[in-house]
Each structure stands twice: as structure tokens, then as C-alpha cells.
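Peer 1: Handing you this structure, nothing more for now.
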């Protein structure tokens, strides 16, 4: 059977996903580490055995410009599982002077050590769909590195296969394979692609036949442009300018759940008062607005504007137009997001500085509400089809040239990924490190009872180009993980805001 992927998957075919976890494990180079490796291997094997999609091989279909996954019996039913050892404590391996403390909802917020690819992804693991197809490499790759006092675990897959929702199913399956108190059922596999069918049906529907067509709609694909040499040159030049002139780098930060909850509760309360209870904002609205505002904390007197382009999940919205596909859409694990604009038009940096987080969150909530309609989604899908020439050409982030971006007519354009679901939830029980049913009596366990303490979490996307002005948010029970490629001064402004937020939460 060939499982058909969609044209939206084609748009992500050159990207690779990786989720990285670091767990504390005393004497990880000994029998406890051996037991953990065996337990994780068995759990991954169970996921691949139950989920036939992961056992397939990518096949390019030139006529439709889409990929399919060949899950027939001649396809290689396997996964990649690699391990390595480092004879050092984890903190020394990443050049820190002190051991890391386990993360919890009351942990100290602050900057995290950068992502070290070798700790989470084997050097020979491909990232793109084409590389997986050419090498006939397994779609799912797991890499474990054992240190003296910790283990790092990386789970990788091509982004052209699925988005964060799909990868979350893998994490849930591995967790269930390691625990007795969690159940997991592999997502169903459909030969035809439900998202493609629903997408085509909506695009072919007359706009006037859709509910809400008379309402004013936010602009579509604001911040995106068709592929052209000029657009590509501008994209590359601004990325290089920010890197060389402004010290832009990819950095990571953590904000404790206590600090996050205090901020969200405060802002939601302000919005309720300001709107007399008539409007509301979500946790995602607040956090996206807060991060965006504080990245520009030192730009109050700067000229220019800012535009933010997040994405949202379209599975449930498409199901309202194709009710017969509601069930397969709900379980669809392929890429199912579209970009939209945080605000209907760019925001002047001076206005951003003077606007409260609550007011910004309301701007986002109102815009998103206007986007989550079938007429807007139809317009966006049709525009995307035109811009990409039916999937034949990529769509590029729009960027100003370096000599324009910081002037009055220039615009800083952010690309945002905002996950408020528990995509970072991989829980490994202490029992997975037991040998013959007995644990290590000298282990000193902190963190959640019965689980290996989490020291770090990373979200990494491998891409052919290192983009500037991007940030991704991942909320978990422990707190908010932030990863961003931003100018040094903007990162410094955000870190000051995080420190202040943490002090207020602990006061």
C-alpha cells in the first residue's frame, strides 16, 4: 500500500524534525544505562511494529508533486537506533562548571545551553525526504548518548512526513511502551490522504456558499512571497547581515511554569477587566505577545515596523467543511498547518513598545478568530496554490534588504511556531533503569516521583537555510521552552524580561 502525503507535506520536504531530551541517571555508563537503552529500544520497536507508516519508504510522485510512503512487504520494516558513550559528567561535556538541576514548575528560569546535534542525532541520519528516499533510510531515528550521570535521547524524522502533532504520537507511543499506566493506539493509516481531499473540496467551493463569507477577513500570506532570485537574495542577505552585524544566533531559554502561570493569569485578568468580560485571550495569545514585545524591549525609539507570522492547525476547521472526513482528519498525522498574520498589518516598533501585553494578545486573538473561518482558509489555500504554482515552487519568507529593514519603511518579519500542547512530554520511569527488577540503592532522585528527572529539552528543525527572526514556543508541565534565532541585543532584552518575570513569580 502507498500512503499518500499532501502538497503541504511537500512544502516541508527539505526540513528535518528532532526532539531532544536529557535525563539525569546516576552511573549511566553502567548496568542502569544498559537497561535503559534496552527498554527504549523495545519501546521504539513496539511503536514501529504498531504504526505501519513508520515502516515505509518515501516515493516521489512527479505528476502530483507529492510524496507517498510505500508500506508494502518489500519495504524495509525497520528503524534507526544508535548509541554512543561519553566518559564525562553531562555538564562537563557541554562545558558548564556546575551540574544542571532537574527542571520543574518552580525551577529558576533562564538561558539553556545550545543544542548539541551529536547528543541527539547520529551524524549519518538524513533530514530531508529526498535523502531518506535515496538512502532508503528508516523514517524514524533514535539516538542515545550515555554520560557519567545522564542520558540524552533524540528522536528524529523528516518534517515532510509529519508535523509536531505527528511526532507527538511517536513520543506518546514510546512513553506507553516504557510505562504500565499509559495506553497508546497507533494512528490509523489511510491510503488516500484526507487532508488533500478536504483541501481540494474547500478550494473548489464557491466562497459565497461558505458561512461567514460576508465578514471582513484578515489578509492572507502576509509576510510570504513567491520564489524568485531577488526574494532569495534578500532572505540570504538579511540572515547574513543579522549574523555578522548584529550577532544573531540560535539560542534557547526556559521559563518556569510558575512564572508562566502568574503572567498568563495576570494578563487574562487585565483583558477581562478592559473588555468588561466580553472578550478573552488564550495562554498562547499571551505568551506569543509577551515574547514578541520583549524581543523588542530596547526598540522603543527605533524606526520601522514588526510583523509576526505564526501557524495554526487546520484539521478541525477542514472537518467542518468535509464532515465525512472528520474522523480521518482528526487522526491525520501529516503536516496540517497554514501561516497567518499576528496582526492585520505591521505594527510600528514605537507602538509595540507602548502597547500592553494584554492589548497585543487581544490583537492576536481577534485576528486568529478571523482566520479560523472557512472563507479565510479557502482564500489562503488558493493563494498558496498560486504562489507555489501548484506545489512546483517553494514559498519564501518575505524579507527586506539589510539597508531597508531598520529604517522607517522597513519591517522585521518574525516566523513563529507556537505549541501549547504537551509535545515535549516524554516520561521515562525509573523502573526502566532497573536490572533484574532491582534499582540502584545509591541513586539520589529528584523531580517527579518514579520518573527520571528531566534536565533539558530541545526542539530542533534542520533546514537548508539558517533563517533569522524566528522563534518557537513549547509549553510543558514544567514550563515554557523558547528557541529563537534573533539578534544578540534582542535576545539580551528577552533574557532581562525573563529574569524580571522569574523574580516576580518567586517574590
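Numbering (full-length UniProt numbering), first residue to last: 1 to 507.
Beta carbons are placed, not taken as given, at the ideal position from N, Cα and C, and that holds for glycine.
Remember, it's a predicted structure, so these values are computed and weren't measured experimentally.
1) Is it buried or exposed for residue 437, if we count other Cβ within 10 angstroms and need 16 for buried?
2) Apart from the five residues just before and just after residue 154, which ones in its own chain have a Cβ nearer than 6 angstroms to its Cβ?
3) With a threshold of 8 angstroms, are at least 3 pairs of Cβ atoms found where one atom belongs to the stretch 43-50 and the other to the stretch 98-105?
4) For residue 551, which residues from the same chain have a beta carbon less than 8 angstroms from its beta carbon, with the 5 sequence-adjacent residues on both sides left out?
5) How should residue 277 be labelled, buried or exposed, when 16 other C-beta atoms within 10 angstroms of its C-beta is the threshold for buried?
6) Only counting the same chain, and skipping five residues up and downstream in sequence, which positions put a Cβ closer than 6 angstroms to that of residue 445?
7) Buried or exposed: residue 136, going by 16 or more other Cβ atoms within 10 Å of its Cβ?
8) State the DSSP-derived secondary structure class of residue 13, mapped to helix, strand or coil.
9) Would residue 197 be called buried (16 or more neighbouring beta carbons within 10 Å of its own) or exposed?
10) Would you call residue 269 buried or exposed, if buried means 16 or more other Cβ atoms sit within 10 Å of its Cβ?
11) Using only alpha-carbon positions, find the residue among 331, 244 and 342 that is nearest to residue 223.
12) In whole angstroms, what is the alpha-carbon distance linking residue 5 and residue 68?
13) Might you give, ordered along the chain, the residues of its own chain that have their beta carbon closer than 7 angstroms to the beta carbon of residue 298, omitting 5 neighbours on each side?
14) Does the Cβ of residue 163 have 16 or more other Cβ atoms within 10 Å, making it buried, or fewer, making it exposed?
15) Starting from the Cα of residue 228, find the closest Cα among 173, 398, 99 and 206 and give me that residue.
16) Contact defined as beta carbons within less than 8 angstroms: I believe residue 320 pairs with residue 374. What is the distance between those atoms, to the nearest angstrom?
17) So, is residue 351 buried or exposed, given that buried needs 16 or more other C-beta atoms within 10 angstroms?
18) Looking at C-beta atoms only, is the number of pairs between the stretch 320-335 and the stretch 243-261 that lie closer than 8 angstroms three or more?
19) Find the nearest neighbour of residue 358 within the set 339, 81, 70 and 265, judged by alpha-carbon distance.
20) Excluding the five sequence neighbours on either side, which residues of its own chain have a C-beta within less than 6 angstroms of the C-beta of residue 382, listed in chain order?
21) If I'm right that residue 84 touches residue 47 with Cβ under 8 angstroms, what's the distance once you round it to whole angstroms?
22) Enumerate, from N- to C-terminal direction, the unbroken beta strand (DSSP E) stretches of 3 or more residues contained entirely within the stretch 4-55.
23) So, at 7 angstroms on beta carbons, what are the nonlocal neighbours of residue 126 in its own chain, with the 5 sequence-adjacent residues on each side left out?
24) What does the Cβ neighbour count give for residue 293, buried or exposed, with the cut at 16 atoms within 10 Å?
25) When DSSP labels each residue in this structure, what does residue 328 get in the three-state scheme?
26) Quick one, are the C-beta atoms of residue 33 and residue 151 less than 8 angstroms apart?
27) Starting from residue 230, trace the beta strand (DSSP E) both ways and give me its first and last residue.
28) Return helix, strand or coil for residue 168, following the three-state DSSP convention.
29) Beta-carbon separation of residue 66 and residue 9 under 8 angstroms?
30) What is the rounded straight-line gap between the Cα of residue 112 and the Cα of residue 159?
31) What are the start and end residues of the beta strand (DSSP E) that includes residue 457?
32) Looking at residue 501: is its Cβ nearer than 8 angstroms to the Cβ of residue 263?
33) Please return the same chain residues whose Cβ sits closer than 6 angstroms to the Cβ of residue 56, not counting the five positions on each side in sequence.
34) Look at the alpha carbon of residue 185 and the alpha carbon of residue 176, and state the distance between them as a whole number of angstroms.
35) Can you tell me which of the three DSSP states residue 130 falls into?
36) Quick one: is residue 324 buried, meaning 16 or more other Cβ sit within 10 Å of its Cβ, or exposed?
Peer 2: Once the coordinates are examined:
1) Here residue 437 scores only 47 on pLDDT, less than 50, and its place in the model is too uncertain to base an answer on.
2) Hits under 6 angstroms: 18, 20, 120, 121 and 143.
3) No, the stretch 43-50 is not in contact with the stretch 98-105.
4) There is simply no residue 551 to check, as the chain begins at 1 and stops at 507 in what is shown.
5) Classified as exposed, residue 277 has fewer than 16 neighbouring CB atoms from the shown chains inside 10 Å of its CB.
6) Low confidence applies here, because residue 445 scores a pLDDT of 46, under 50, leaving its location unreliable; read the following figure in that light. Closer than 6 angstroms at Cβ, skipping near neighbours: no residue.
7) In summary, residue 136 is exposed, with fewer than 16 beta-carbon neighbours lying within 10 Å of its beta-carbon over all protein chains present.
8) The answer is coil: DSSP assigns residue 13 none of H, G, I, E or B.
9) Counting Cβ neighbours within 10 Å, residue 197 comes out buried, since at least 16 surround it.
10) Taking a 10 Å sphere around the C-beta of residue 269, we find fewer than 16 other C-beta atoms and assign the residue as exposed.
11) For the residues 331, 244 and 342, the minimum Cα distance to residue 223 belongs to 342.
12) Rounded to whole angstroms, residue 5 to residue 68 spans 5 angstroms at the Cα level.
13) Residues of the same chain with a CB within less than 7 angstroms of the CB of residue 298, apart from the 5 flanking positions on each side, are 489 and 493 in chain order.
14) Taking a 10 Å sphere around the C-beta of residue 163, we find 16 or more other C-beta atoms and assign the residue as buried.
15) It is 398 whose Cα lies nearest to the Cα of residue 228.
16) With 8 angstroms as the limit, residue 320 and residue 374 qualify as a contact, their Cβ atoms being about 7 angstroms apart.
17) Counting every other CB atom within 10 Å of its CB across the protein chains shown gives residue 351 a total below 16, marking it as exposed.
18) Judged by Cβ distances under 8 angstroms, the stretch 320-335 makes no contact with the stretch 243-261, as fewer than three pairs qualify.
19) Ranking 339, 81, 70 and 265 by Cα distance to residue 358 puts 265 first.
20) Residues 203 of the same chain have their beta carbon placed closer than 6 angstroms to that of residue 382, with the five preceding and five following residues left out of the count.
21) The Cβ separation is near 22 angstroms, so there is no contact.
22) Listed in chain order, they are 16-24.
23) Only 132, 135 and 137 meet the Cβ criterion.
24) Answer is buried; the Cβ neighbour count reaches 16.
25) The three-state secondary structure of residue 328, taken from DSSP, is helix.
26) The Cβ atoms of residue 33 and residue 151 sit closer than 8 angstroms to each other.
27) Note, residue 230: premise wrong, no beta strand (DSSP E); alpha helix (DSSP H) at 229-246.
28) Here residue 168 sits in helix by DSSP.
29) Going by C-beta atoms, residue 66 is nearer than 8 angstroms to residue 9.
30) As the crow flies, the alpha-carbon of residue 112 is around 24 angstroms from that of residue 159.
31) Segment 454-462, the beta strand (DSSP E) holding residue 457.
32) Yes, the pair counts as a contact, with Cβ atoms nearer than the cut-off.
33) Taken in chain order, the residues that qualify are 69, 70, 71 and 75.
34) Distance between the alpha carbons of residue 185 and residue 176: 9 angstroms.
35) In the structure shown, residue 130 sits in a helix (DSSP, three-state: H, G or I).
36) So residue 324 counts as exposed.
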